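J.:
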Amino acid sequence: MTSVPPEHPNLQLALGRLRRTTWLWAVLFAALGGLSLASSRLAEPVLPLIWLVIAVLLVSRPEPAYLALVAVAWGFSLVFLIPGVRDALGSDPILRLFAVGTIETVALSVVRVLLLVTAWNQFQFFRLLYGTQGAAGLDAALPDIPEVVPNRAARLSIWARLAGFLGVMAALASVPLPAEPGIALRGAAYGAAVFAVGLGLGSAFVPNPRRGMALWAVGLGSAALLAAMLVGRALGAGSG
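For the sequence shown, the numbering used here begins at 204 and goes up steadily by one.
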């Protein structure tokens with residue numbers, strides 16, 4: 204199948220659109236993280252800092268894989284709707300900003316799901332800018348698209364796996380700690396899980412010689428989140 208050059212106008216338009224998209228997400232994440240930090244007067248800084256770090260990554264360079272990270276951040280934020288998770292991981296940075304009842308909580312949950320789906324669909328589109336050769340889950344009828352954005356998936360896979368490992372270790376290390384330091388460390392484990400799963404998925408569905416490592420990162424990140432929640436619930440039940 205005929206390949207188009209990276210300088211093709213449509214590909215350059217897509218690259219410009221990717222830049223605008225990542226900047227829009229960055230502004231939203233920075234606003235949520237900053238307002239949450241301000242509203243809590245830095246009392247619970249770990250979870251808002253996760254949003255701020257993602258915002259910094261988004262403005263650092265146009266990277267389609269970061270859109271998968273955005274989707275996972277929205278998806279994982281839904282765990283704070285589970286009873287008892289606040290005592291395990293800390294308070295939800297988004298709900299901190301609103302005086303919410305049941306209706307508002309449901310509405311915010313729907314908004315999060317919509318933002319998750321939006322970010323994931325954007326990732327599915329913009330990942331084509333990494334090139335289509337060797338990419339997973341693509342229609343065979345697609346034209347051969349060259350690499351427009353430098354493919355850093357192999358490197359991201361390494362960082363994602365490291366984040367997953369550190370997340371599991373942080374969750375386990377919180378067991379002997381008092382309540383407040385333990386919650387902070389489990390919040391850090393939650394953040395590591397977000398990065399492990401987000402970057403893992405973002406680098407698994409693009410041309411990547413380390414796809415297996417990326418999938419391992421997804422598994423480790425999921426284990427880190429589960430461990431943090433279970434440890435927090437167990438310690439909470441024990442103290443009660």
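Each residue gets a CB set at the ideal place from its N, CA and C atoms; glycine is no exception. Note that the structure is predicted; figures quoted are calculated from it, not measured.
#1: Let me check understanding here. Comparing Cα to Cα, which of Thr-225, Glu-210, Leu-214 and Gly-422 lies closest to Phe-326?
#2: Note the first and the last residue of the continuous alpha helix (DSSP H) segment covering Asn-354.
#3: Taking Ser-455 as the reference, give the member of Arg-223, Pro-296, Pro-353 and Val-282 with the closest Cα.
#4: Runs of 4 residues minimum, wholly inside the region 242 to 314: which ones carry the alpha helix (DSSP H) assignment?
#5: Please classify Arg-358 as buried or exposed, where buried requires at least 16 other C-beta atoms within 10 Å of its C-beta.
#6: Between Pro-349 and Gly-334, is the Cβ-Cβ spacing less than 8 Å?
#7: Along the alpha helix (DSSP H) that carries Pro-384, what are the first and last residues, could you check?
#8: Taking 8 Å as the threshold (C-beta atoms), are Phe-408 and Arg-330 in contact?
#9: Just the C-alpha distance for Ala-426 and His-211, rounded to the nearest angstrom, thanks.
#10: Excluding the 5 residues flanking Gly-278 on each side, which residues of the same chain have their C-beta closer than 6 Å to its C-beta?
#11: Taking buried to mean at least 16 other C-beta atoms within 10 Å of its own C-beta, is Phe-283 buried or exposed?
#12: Exposed or buried, which one is Pro-267 when buried takes at least 16 other CB atoms within 10 Å?
#13: Checking 8 Å against the spacing of the C-beta atoms, do Leu-311 and Gly-385 come in under that value?
#14: Buried or exposed for Arg-264, going by 16 or more other Cβ atoms inside 10 Å?
#15: Using C-beta distances below 6 Å, list every residue in its chain close to Ala-396, excluding the 5 sequence neighbours before and after it, in chain order.
T.: By the coordinates alone:
#1: Thr-225
#2: Run containing Asn-354: none; DSSP gives neither H nor E here.
#3: Here the chain has residues from 204 to 443 only, and residue 455 is not among them.
#4: 249 to 263, 268 to 279 and 288 to 292
#5: exposed
#6: yes
#7: Following the DSSP letters along the chain, one finds Pro-384 inside the alpha helix (DSSP H) bounded by residues 382 to 407.
#8: yes
#9: 43 Å
#10: Answer for Gly-278: Leu-319, listed in chain order.
#11: buried
#12: buried
#13: no
#14: exposed
#15: Gly-370, Gly-424, Ala-427 and Leu-428
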